[in-house]
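Numbering (the numbering used here), first residue to last: 160 to 1108.
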């Protein structure tokens, strides 16, 4: 199998990888005798719809794509969009002497390799080729050292896929019936949504508390003049205790604004007390009560694994998890970094040698530890053994040597810095705490505290400093120097000021902090977190405000239903245990089918699984010795009150928030008002709900149309206020004789609470006939999507304002048409905001107002703002992200119109020929059905189905 072991006829080897980009890179390293082709992700999967299920399957099997009564046997089908690729692979395999399955070395990759083997059914030797980086040495080593397929990993991945299908296909219909159509539930996505919702509940219940303390600026001696924070002779300190009682700080208060239990000895200062104490300390002599110095040492951060890379890319580069993974995928496929889906922080000996060489070359030998650093920590639910994410090869390319640009350069630089820093010496220094005390004019002992840090040797901090989720947190390389003072030294107070504070609600999750929370709770797999977040945002359970993840009102209803009726399925510990059980199957410590039976049908208290729906029901009728499974949970939905699940009282106001099929609204008696989609749940207070209800959102009766006699009303709808007429009782609304009421939006200059019947009749009169031109063509004035305009045949001309629709004369209209129509673009509107320079295109990025709404542009690429983006709040990073997503999609494809095919003249078939054809079709159909029953086909998707979690 060596590349040099050639016979007289050159051996042909077919190498199948997952992506075309990877195939192109690997082909360059293998050369003649190798054909490298991509499977383009999975080539088969569970059927997406019942229509994709082969004939012969009925009932639950057809609905689920899984035969739950027959050992949970999955039905796999090849997707329509992969059939051509499968045919190509089969054709290439005919000329091959060996087949190398070179998909990624994780559960997904192992499953793809197994599916390829099952579908292609090769008659030549098959080898499993694995590698963690795409370099020439790594690829050739992988060819020379193949292994067998790991069936345990395949079983583990298949079990996950079946589990996620059962969870999604059984629970999602409950949401359709009880909350809203087209919703989805998932094993990890539902738990992730619950985390975001619970954080919002904490914010909704939060009540702020105020507390005060004092800040002081001290100098060694009273004659130093004005305090200067930059002067090493002065330093700032904060009041820490009064008469031995610690002064309250933010950590002493609970979420409802009360001092926590056990804080009775804490002194809670209000504004008046703080100002009184500051005044009493104005002429006090202060002395240093104590000086405590401790050595400071900080060790390097471990090299990146998937989640830490996603988190740090979010903090430092403003990347969402998906964007970080997409960029990392490109870097991996083009040979710049090692495999980016890894739970390991381990570096190979080759990588350690390369990193140490660059430390010595770039920073000097004094930054190189005597012994290489070894990182062995892995998360508990780690997958297969990979290296950490690092630059590829046995010599690391510096960022400047890569030739990369934009996002790829920035992420590579982050990975490179982190890897090199991991092999550098500790940062060392000294931390000092100084206590300063004085007695106030009214005899109270006040103690102030100041802390400082001096780094005497920066070590790894010279190369890399980790970011923080809390923007106010102090970074590791931040120094704060204190002047050299000793116990008993006299100090002068240059300034003593009262300082007020208010406790803050818990911060919302960002993508980075949600990923960390999921990983800390051992829920889900790190490699799928980006897909999970993408899913809950796409499903509108969560939206973004800046970088914060905010739950929608819809998410409140969905999570409430799941908690109250499917509590075990969204329980954090239960979900983590499921993850561990699935990992146990991958390690060979458990069997797939019994585990799936317990999950789906339930089990006895002794842990024995029920074998079917019937046995589960029988066990459930016993003496309470049966623990229900998923099937039992979704069977009885009568106890779920759909209206109650979607109703949330707003305190004691009598106002109720309801989540309806067309969006959230508030209701009190007969009053009702829509809630803006972009509003965060913690913003909807009873006071704000009162304001919404007070707006003229009901029906305003304007009077009767003097011509038709119909009542004309004004209403506020979800898409804005409008006029409509009320048709008489009995008017047919459907069928051939149906009559539709006239409806028109209010003009932009009209207000719902001020419009009159005359206003309505005037608007109903549009389009208005202005007159006829010399050729007899009618000219009308109309109101359109983009404002008022004139229309003559197919020629339209804009009007300056809405009033002109009613006042423009024929002469004025003809004068407008007499001016040649402007063919070029209108003068460009000034930008709404400037965001800075895009790191990819290196062009200035601005926000503009366009025909279809606001968008960001760098002059080359335009990207429309999403529903949750606010022009005034959009950050430069968000603008760059939108442009990057648009570039990744590429230009819109133009579909060429096909010329109509010429019909061949019809030929009349004889009766005998028709009978023969019908018989042949029946025989073929019978064979197809029989084959399908014996060996069900299986499916493909370009994306890995891990996103179904």
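Heads up, the beta-carbon is just placed ideally off N, CA and C, and yes, glycines get one too.
Coarse secondary structure for residue i, derived from DSSP in three states
{"i": "residue 160", "result": "With a pLDDT of 49 at residue 160, under the threshold of 50, the modelled position of this residue cannot be trusted; read the value that follows with caution. Residue state, collapsed to three classes: coil."}
{"i": "residue 757", "result": "helix"}
{"i": "residue 172", "result": "strand"}
{"i": "residue 591", "result": "strand"}
{"i": "residue 603", "result": "coil"}
{"i": "residue 291", "result": "coil"}
{"i": "residue 179", "result": "helix"}
{"i": "residue 762", "result": "strand"}
{"i": "residue 232", "result": "strand"}
{"i": "residue 942", "result": "strand"}
{"i": "residue 873", "result": "strand"}
{"i": "residue 702", "result": "strand"}
{"i": "residue 613", "result": "strand"}
{"i": "residue 322", "result": "helix"}
{"i": "residue 685", "result": "helix"}
{"i": "residue 286", "result": "strand"}
{"i": "residue 496", "result": "strand"}
Cβ distance (whole Å) where residue i is taken to contact residue j below 8 Å
{"i": "residue 548", "j": "residue 501", "result": "6 Å"}
{"i": "residue 370", "j": "residue 617", "result": "Not really, about 37 Å apart at Cβ, beyond 8 Å."}
{"i": "residue 642", "j": "residue 458", "result": "With a Cβ gap of about 29 Å, residue 642 and residue 458 do not count as contacting."}
{"i": "residue 258", "j": "residue 173", "result": "5 Å"}
{"i": "residue 738", "j": "residue 682", "result": "6 Å"}
{"i": "residue 665", "j": "residue 410", "result": "The pair is not a contact, with the Cβ atoms about 13 Å apart (cut-off 8 Å)."}
{"i": "residue 853", "j": "residue 809", "result": "Actually they are not in contact, since the Cβ atoms of residue 853 and residue 809 sit about 15 Å apart, beyond 8 Å."}
{"i": "residue 916", "j": "residue 861", "result": "4 Å"}
N- and C-terminal bounds of the beta strand (DSSP E) containing residue i
{"i": "residue 830", "result": "830-833"}
{"i": "residue 545", "result": "It is not in any beta strand (DSSP E) - residue 545 carries neither H nor E in the DSSP assignment."}
{"i": "residue 884", "result": "879-885"}
{"i": "residue 340", "result": "Taken as a continuous stretch (DSSP letters only), residue 340 belongs to no beta strand (DSSP E), as it is neither H nor E."}
{"i": "residue 672", "result": "Here residue 672 belongs to no beta strand (DSSP E); instead the alpha helix (DSSP H) covers 670-679."}
{"i": "residue 250", "result": "Here residue 250 belongs to no beta strand (DSSP E); instead the alpha helix (DSSP H) covers 242-253."}
{"i": "residue 724", "result": "Premise fails: residue 724 lies in the alpha helix (DSSP H), 712-724, not in any beta strand (DSSP E)."}
{"i": "residue 372", "result": "369-378"}
Straight-line Cα distance separating residue j from residue i
{"i": "residue 232", "j": "residue 344", "result": "22 Å"}
{"i": "residue 714", "j": "residue 242", "result": "38 Å"}
{"i": "residue 508", "j": "residue 301", "result": "18 Å"}
{"i": "residue 552", "j": "residue 289", "result": "16 Å"}
{"i": "residue 601", "j": "residue 441", "result": "11 Å"}
{"i": "residue 439", "j": "residue 826", "result": "54 Å"}
{"i": "residue 176", "j": "residue 413", "result": "55 Å"}
{"i": "residue 550", "j": "residue 295", "result": "14 Å"}
{"i": "residue 473", "j": "residue 905", "result": "44 Å"}
{"i": "residue 967", "j": "residue 240", "result": "56 Å"}
{"i": "residue 318", "j": "residue 324", "result": "10 Å"}
{"i": "residue 579", "j": "residue 514", "result": "5 Å"}
{"i": "residue 420", "j": "residue 594", "result": "27 Å"}
{"i": "residue 574", "j": "residue 306", "result": "30 Å"}
{"i": "residue 178", "j": "residue 612", "result": "50 Å"}
{"i": "residue 285", "j": "residue 198", "result": "16 Å"}
{"i": "residue 424", "j": "residue 658", "result": "21 Å"}
{"i": "residue 667", "j": "residue 478", "result": "17 Å"}
{"i": "residue 943", "j": "residue 866", "result": "26 Å"}
{"i": "residue 1040", "j": "residue 800", "result": "42 Å"}
Where the alpha helix (DSSP H) containing residue i begins and where it ends
{"i": "residue 491", "result": "480-492"}
{"i": "residue 840", "result": "Note, residue 840: premise wrong, no alpha helix (DSSP H); not H, not E."}
{"i": "residue 356", "result": "348-364"}
{"i": "residue 558", "result": "558-561"}
{"i": "residue 474", "result": "465-476"}
{"i": "residue 918", "result": "916-923"}
{"i": "residue 734", "result": "731-745"}
Q) Taking three-plus beta-carbon pairs below 8 Å as touching, is the segment 895-907 in contact with the segment 920-937? A) yes
Q: Decide yes or no for the touch test of the segment 390-399 against the segment 866-880: beta carbon pairs closer than 8 Å, at least 3 of them.
A: no
Q.
Does the structure place the segment 409-428 close enough to the segment 669-683 that three or more beta carbon pairs sit under 8 Å?
A. no
Q) Three or more beta-carbon pairs under 8 Å between the segment 447-455 and the segment 582-594, yes or no? A) yes
Q.
Does the contact criterion of 3 or more C-beta pairs under 8 Å hold for the segment 702-713 versus the segment 839-859?
A. yes
Q) Per the contact definition of three or more C-beta pairs closer than 8 Å, is the segment 683-701 in contact with the segment 329-349? A) yes
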